[in-house]
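Reading through the structure tokens given below for one structure.
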Amino acid sequence: KVVWQYNVKAQYGNELKPSDLKESPTVTWTGDNGLYTLVMTDPDAPSRANPEIREFLHCLVGNVPYNHIENGDALAAYFGPAPPQDSGLHRYVWLAYKQPGRIAFDFTPINASTLDGRRSFSIRKFAKEHKLGSPVAGNFFQAQYEAGAGSSA
């Protein structure tokens, strides 16, 4: 489950407003004890019709104890959705990967106000490099430009 403030929820493709998604959500999934990597990307950057900078990395946390994202290693701080004007609906995908053990990630952390390192991210490549295998949980939602919400791409 992905739940933001005021009980705003990602529900497998529902449309949400970027203004409701500015703060980091609570993310939980069905699984077992162990460590996980959690990621949120936008595969439609800057637009679904022209995704030339896909994927845009919105959040990446490694070494997450089961369902305790706040105790993981923030590799890319949460950056809320802000699709560009006239870019249509964007899909935002949350994935959880079960790690084989603790990982010393070779990744320069990205803070919440930085765009560098977020464009043209590949979760497939990242997962392969860190031997994460296939995702064990996922969810997604859609959002489009909202005046006053800013732009990320």
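Count along the sequence shown from 1, add 554, and you get the number used in the working numbering. Just so it is clear, CB atoms sit at the ideal spot from N, CA and C, and this is done for glycine as well. Just so we're clear, the structure is a prediction, and the values are computed from it rather than from any experiment.
C-beta contact flag for residue i and residue j at 7 Å
i, j, result
"isoleucine 657", "histidine 622", "no"
"proline 572", "valine 557", "no"
"isoleucine 677", "valine 593", "yes"
"serine 601", "glycine 642", "yes"
"glycine 616", "aspartate 627", "yes"
"leucine 629", "phenylalanine 661", "yes"
"leucine 570", "alanine 697", "yes"
"glutamine 653", "leucine 614", "no"
Burial state of residue i (16 or more Cβ within 10 Å)
i, result
"threonine 595", "buried"
"threonine 591", "buried"
"aspartate 640", "exposed"
Beta-ladder partner(s) of residue i, from DSSP
i, result
"tryptophan 583", "Paired residue(s): none; tryptophan 583 is not in a bridge."
"glutamate 609", "Looking at the DSSP assignment, glutamate 609 forms no beta bridge with any residue, so it has no partner."
Can at least three beta-carbon pairs, one atom from the region 638–654 and one from the region 578–593, be found at a separation below 8 Å?
-> yes
Segment contact flag, the region 605–616 with the region 661–673, C-beta cutoff 8 Å, min 3 pairs = yes
Alpha helix (DSSP H) segments (min. 4 residues) lying fully within the region 641–693 | 677–683
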